[in-house]
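A.B. asks: Numbering (our numbering), first residue to last: 1 to 290.
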Amino acid sequence: PGWFSEISPMWPGEAHSLKVEKILFQGKSDYQNVIVFQSATYGKVLVLDGVIQLTERDECAYQEMIAHLPLSSIPNPRKVLVIGGGDGGVLREVSRYASVEKIDICEIDKMVVDVSKQYFPNVAVGYDDPRVSLHIGDGVAFLKAVPEGTYDAVIVDSSDPIGPAQELFEKPFFQSVAKALRPGGVVCTQAESIWLHMHIIEEIVSNCRQIFKGSVNYAWTTVPTYPSGVIGFMLCSTEGPPVDFKHPINPIDADDSHVKTNGPLKFYNSEIHSAAFCLPSFARKVIDSK
Ligand SMILES: NCCCN[C@H]1CC[C@H](NCCCN)CC1
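Below is the structure:
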């Protein structure tokens, strides 16, 4: 009955809208407002504090890219940490790797987990994997308690810098991620839009270059229901065995040695992996110069 428009001071003067068929859930957690609605053409939609987190139709693009850009770049990921990502979509993608032994996830808002399990079963299917351990709490505190060099990969599937995820965009957090990673370990973070947030990205890249002494790259992909239709990722590795993010050495889309229980990959493949690092000149100028 009507339209949902994603109006936010983070993208002034513009608002992506989706036609609403039915509101399925409305709640207020300790951290944010949570809404689930059935859209006319994008399936069910999860909204936190008025910001679209995922839709059934295009979530594959974001979840597959944020997980496979880092994990396809290292030979045998064993221990993986997901910060945020309470909907479970990233877990679904991480569990495709037979080499993975342990997946820790730290999500601050339990309502996001519960709502995803109830309304987005094909996304929350990630929680069914026995290797997954769910920690409800603040990712900043969780990482401070992690012993040095624990993880092969950290994936920061955060919302935006306004709200509970604010600290996940700041330098101390990146430092704690670097400490938690083994030498040559990798991190992939949600890194906003080159059309909307070049200044935020400039700051993030500058911080990452100071903290991560392996490689630091920015990749991007298309997600029609995120503002400006694109979303980016920071791909960084710590000092140690070199990581070439642009040429995946552990292709998840190649053979059948990977778990297929969660259905086929809908978006990610090795070509789009490499292409994701090709940037328009206005972005490359800023990102490569930091
Ligand atoms: N696992 C899916 C969670 C999605 N995370 C974020 C949700 C907010 C979205 N705003 C985009 C703002 C413009 N860059 C970015 C991804």
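Ideal placement from N, C-alpha and C gives every residue a C-beta, glycine not left out.
Predicted, not measured: the structure shown is a model, and the values here were computed from it.
1) State the Cα-Cα distance for the pair Ile-7 and Lys-22, rounded to the nearest angstrom.
2) Please tell me whether Pro-183 and Gly-240 are closer than 8 Å, where the distance is taken between their beta carbons.
3) Pull the bridge partners of Cys-370 from the DSSP assignment, please.
4) Using alpha carbons as the reference points, say which of Val-112, His-247 and Pro-224 lies closest to Leu-69.
5) Less than 8 Å separating the beta-carbons of Met-65 and Tyr-226?
6) Would you call the region 202–216 and the region 26–40 in contact, with 3 or more CB pairs under 8 Å?
7) Do the region 85–103 and the region 8–20 meet, that is, are 3 or more Cβ pairs less than 8 Å apart?
8) Below 8 Å on the Cβ atoms is my contact criterion, and I expect Ser-193 with Ile-231 to pass it. Report the Cβ-Cβ distance as a whole number of Å.
9) Taking the straight line between their C-alpha atoms, what separation do you get for Glu-202 and Met-234?
10) On the CB-based measure, 16 or more other CB atoms within 10 Å of its CB, does Asp-244 come out buried or exposed?
11) Give a yes or no on whether the C-beta atoms belonging to Val-156 and Val-123 are separated by under 8 Å.
12) Hey, could you find the ends of the alpha helix (DSSP H) Ala-180 is sitting in?
13) Taking only the alpha-carbon atoms, compute the straight-line gap between Val-154 and Gln-53 and give it to the nearest angstrom.
14) Determine the closest residue to Ser-29 out of Glu-107, Val-45 and Ala-67, with distance taken between C-alpha atoms.
15) At a threshold of 7 Å, does Ser-206 count as lining ligand 1 (C-beta to nearest heavy atom)?
16) Do you know how far the Cα of Ala-98 is from the Cα of Arg-131?
17) According to the neighbour-count rule (16 or more other Cβ atoms, all chains shown, within 10 Å of its Cβ), is Gln-26 buried or exposed?
18) Have a look at Gly-85, Gln-118, Glu-167 and Asp-129 and flag the residue whose alpha-carbon is nearest the alpha-carbon of Val-100.
19) Do Tyr-127 and Leu-307 have their beta-carbon atoms positioned less than 8 Å apart in this structure?
20) Rounded to whole angstroms, what is the Cα-Cα separation between Ser-270 and Pro-251?
21) Compare the beta carbon distance of Ile-136 and Lys-110 with 8 Å and say whether it is the shorter of the two.
22) In terms of DSSP beta bridges, what is Asp-128 paired with?
23) My parser needs the alpha helix (DSSP H) runs of 4 or more residues fully inside the region 26–99; what are they?
24) So, at 8 Å on beta carbons, what are the nonlocal neighbours of Lys-290 in its own chain, with the 5 sequence-adjacent residues on each side left out?
25) Are the beta-carbon atoms of Ser-228 and Leu-196 separated by less than 8 Å?
26) Put Cys-188 into one of helix, strand or coil per three-state DSSP.
27) To the nearest angstrom, how far is it from the Cα of Gly-88 to the Cα of Ala-67?
28) Taking the Cβ atom as the reference point for each residue, do Val-177 and Asn-262 lie within a distance shorter than 8 Å?
29) With which residues is Gly-232 paired in a DSSP beta bridge?
30) Excluding the five sequence neighbours on either side, which residues of its own chain have a C-beta within less than 6 Å of the C-beta of Cys-60, listed in chain order?
31) Assuming Gly-84 contacts Ala-141 under a Cβ cut-off of 8 Å, what Cβ separation, rounded to an integer in Å, is found between them?
C.D. replies: Reading it off the structure:
1) 20 Å
2) yes
3) Residue 370 lies beyond the residue range present for the chain, which begins at 1 and ends at 290; the question has no answer from this structure.
4) His-247
5) no
6) no
7) no
8) 6 Å
9) 11 Å
10) exposed
11) no
12) 171–180
13) 20 Å
14) Glu-107
15) no
16) 11 Å
17) exposed
18) Asp-129
19) Residue 307 is absent from the structure shown; the chain starts at 1 and stops at 290.
20) 7 Å
21) yes
22) None; Asp-128 has no bridge partner.
23) 59–71 and 89–94
24) Glu-202, Val-205, Ser-206 and Arg-209
25) yes
26) strand
27) 12 Å
28) no
29) Trp-220
30) Lys-266 and Phe-267
31) Gly-84 to Ala-141, Cβ: 14 Å. No contact.
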